[in-house]
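J.:
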Amino acid sequence: MWIRSTMTYRASFAVTVLGNLLLTGLDFVTILLMFSQVDSLGGWTLPEIAFLYGLSVTAFGTADLLLGSMDVLGARIRDGSFDILLVRPAPVLAQVGADRFALRRLGRITQGAVVLGWALTAVDVDWTAPKALLVPVMLVSGAVIFGALFVGGAAFQFLAQDAAEVQNAFTYGGTTLLQYPPTVFGRDLVRGVTFVLPLAFVNWVPASYVLGRPYPLDLPPWAAFAPPLVAAGCAALAGVAWRAGLRSYRSTGS
Amino acid sequence: MGSGRLYLAVAVGGFRRYATYRVATAAGVFTNTVFGLILVHTYLALWEERPRLGGYDQAQAVTYVWLGQALYSALAVQGGGTEKDLMGRIRTGEIAIDLYRPADLQTWWLASDVGRALFQVLGRGVIPFAVGALFFPTALPGDVTTWAAFLVALLLAVVVSFAIRYLFALSVFWLLDGHGVAQALMVTGVFCSGMVLPLNAFPGALGDVLRALPWAAQLQMPADVLMGEADPLGAYAFQAAWAVALLAAGRLVQSAATRRVVVQGG
C-alpha cells in the first residue's frame, strides 16, 4: 500500500530516490573531500575506509529499509493511532516495520553497495576463503545488529514518547561512527561501542581481520568471527525490550 | 495593533510553539552532542594529517564542529523549520486562509521562523556547545565585542537561511508534493553550508564556488566572525546582500504563485 501511494507521485518519487542517494552519499563525499587533502586518516587509506564505509552503510541501509519506520512509532503513540495496530491480526512489529514503508530507502543500500564494490576491488588484500566468506556474514550480522538497535529504540519510545531523536543518535550516529577507522576515536569511545553497544562487530573488528590490521582494543583473534553471535544476542535483547515496551503500553485513550 | 507588534507576536508564537516539545528538545540536544563527538574526532584526525587545513588550527576546527552542532537546528540546515508548515499549508490549501489575513505572508513566516530559531539556539544550541567547550580545546574569543559581532552575523544567518527555505517551499505551489523539495533542501543545506567540512577546507574551484553561494552565509560566516578569521563588516555585507536578493526573489515567486493559486481541498 505504501509502495503504491509513493508511486502516485512518480516525479516526486524519482526526485526522492535521487535525493536519498545524494543525501546518504554526502557522507562518502565528505570522506572523499578529506582525502583530497590527505593520503590517510587515522593511518587508514581511502580504499580501507571505503571498505568500512560500504559495510556500515549497506548493513545499516538494509536494517533501515525493513525497520526504519520505527521512528514514527512515537507519533503513533501520541496521536492514539497505535491502537489500530494492536487490534489487527498481524504481528505488531511487522506492522510498524511496514508502516510508511519507504521504498526511497533503496537509495542508501545502492549507494553503500557501490562503495563496497569499489572498495573490494581497491583494497590490498590477500583474499582467502575465510576472508571472502566473512564479507557476506558481516553484512547480514551488521543488518541484524542495526535492526536490533531500531527495535530497541522503538521499545524506548514507549517510555519517552517524543524522543525519536535519541534513537537517531544511536542509529544514524552509529553508522556515521563506523564509517571511520577506530584509530580516529578515543579509547573510551571505542570501548563503549565494543562492549556496551557492540557496534564494533558490524565492521571494525571483522574488517580488521580482513584487512590484516591490528584489532581495536587488542581483542583476541577469534573476535573477528563473533559478529553472528553478537547479532543473535542483540536481536534477543531487542526482542525482550520490545515485548516489555509493548506490555507497558497504555493507550492515550483519545 | 501596529504591524511591528503583530510580527513580534508571531515571533513569540514561533518561539513558544517549539518550546512546547521539551522531551524532543532534550533528545535533540543529546543527538547533536553525540554527532559533535563523532565529528570532532574525525576532524582532529584530519587536522593531525594536515595542520592548518583551510587556515584553521586544531582548536578552531573543534570550535567549528561544535558551533555547527549548536546552530544545526536554529539554522534548520537540513530543513525542518517553519517552511515545513508552509509547505503543508500550500499542499492542503490552508494557505488560502493565510492569504486573507491582513498581514504580509513573507514577513509573517519570517517572524515565525526567527522566533523558532531563537528558541532552537537557546534550547538546543547552548548545551552541545558548552559540552564541546568544556571537554575539547576550543578557540573562543575573550572579549565581548567579538561575541556581539558574532550575534549580528548569526541573526543575518538566520534571515538568509529562512530566505532560502522560503523559496524552496514556494515551489510546492507548482509541485504540490513537498517530499522532493524537502530532500533537495537537505542535500544542498548539509553540503553547501559547510556542515560536512568547513567551506574553507574544500579544495580548489569547488571551494571558491561554495564560498560565494548564499549557504556560506549560514555557518561559515558566523564561525569566522567568532574566531576572528573574517572581518565582521565584510561578512555582514555578504550576508545582507544575499538576504536582500533572496527575500526579493521570494516576493517575486510569491506574487507569481498567488496570482495563479489553485486551492486544493475545496
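Chain order of the listed sequences is A and B. Positions 1 to 254 (my numbering) are the ones given, in order, by the first sequence. Positions 1 to 266 (my numbering) are the ones given, in order, by the second sequence. We put the CB at the ideal spot given by N, CA and C, even for glycine.
#1: Say whether the region 3-23 of chain B touches the region 114-127 of chain B, bearing in mind that this needs 3 or more beta-carbon pairs closer than 8 Å, one atom from each stretch.
#2: Given this structure, state the Cα-to-Cα distance separating Ser254(A) from Leu159(A), to the nearest angstrom.
#3: At the level of alpha carbons, what is the spacing between Arg105(A) and Leu55(A)?
#4: Chain B partners of Leu177(A), CB-CB under 8 Å?
#5: If you follow the alpha helix (DSSP H) that Pro136(A) is part of, which residue opens it and which one closes it?
#6: To the nearest angstrom, how far is the alpha carbon of Thr45(A) from that of Phe201(A)?
#7: What do you reckon, are the CB atoms on Ala169(A) and Thr42(B) nearer than 8 Å?
#8: Leu21(A) to Gln111(A), Cα distance in whole Å?
#9: Whose Cβ in chain A lies nearer than 8 Å to the Cβ of Val65(B)?
#10: Please confirm if Tyr21(B) has its CB atom under 8 Å from at least one CB of chain A.
#11: Quick check on the DSSP output: the alpha helix (DSSP H) that includes Thr42(B) runs from which residue to which?
#12: Is the beta carbon of Ala201(B) closer than 8 Å to that of Gly80(B)?
#13: Mark Phe35(B) as exposed unless 16 or more other C-beta atoms lie within 10 angstroms of its C-beta, in which case mark it buried.
#14: Hey, could you find the ends of the alpha helix (DSSP H) Asn200(B) is sitting in?
#15: So Glu165(A) contacts chain B; which residues on that side make the cut at Cβ distance below 8 Å?
#16: Run down chain A in chain order and give the residues with a C-beta less than 8 Å from the C-beta of Gln239(B).
#17: Express the C-alpha separation of Met70(A) and Phe135(B) in angstroms, rounding to a whole number.
#18: For chain B, is any of its Cβ atoms less than 8 Å away from the one on Ala122(A)?
#19: Quick check: the Cα distance between Gly266(B) and Phe129(B), rounded to an integer number of angstroms?
#20: Please identify the residue among Ala182(B), Leu156(B), Arg124(B) whose C-alpha is closest to the C-alpha of Arg165(B).
#21: Counting only beta-carbon separations shorter than 8 Å, does Val34(B) have a partner in chain A?
#22: Any beta-carbon of chain A closer than 8 Å to the one on Pro198(B)?
#23: For Arg22(B), count neighbouring C-beta atoms within 10 Å of its own C-beta (all shown protein chains included) and say buried if the count is 16 or more, exposed if not.
#24: So, at 7 Å on beta carbons, what are the nonlocal neighbours of Arg108(A) in its own chain, with the 5 sequence-adjacent residues on each side left out?
T.: This is what the structure gives:
#1: yes
#2: For Ser254(A), the pLDDT reaches just 49, beneath the cut-off of 50, and the residue's location in the model is therefore unreliable, although a value from the coordinates is still provided. Taking the straight line from one Cα to the other gives about 18 Å.
#3: 16 Å
#4: Ile38
#5: 129-159
#6: 20 Å
#7: no
#8: 6 Å
#9: Result: empty, since nearest Cβ-Cβ is about 13 Å, beyond 8 Å.
#10: yes
#11: 22-49
#12: no
#13: buried
#14: Premise fails: Asn200(B) is in no alpha helix (DSSP H) and is neither H nor E.
#15: Ala24, Ala27, Gly28, Phe30, Thr31
#16: In chain order: nothing, as chain A lies at least about 24 Å away.
#17: 33 Å
#18: no
#19: Since pLDDT at Gly266(B) reaches only 47, below the 50 mark, its modelled position is unreliable, and the value read off the structure follows with that caveat. About 47 Å.
#20: Ala182(B)
#21: yes
#22: no
#23: exposed
#24: Asn20, Thr24, Val57, Gly61, Asp64
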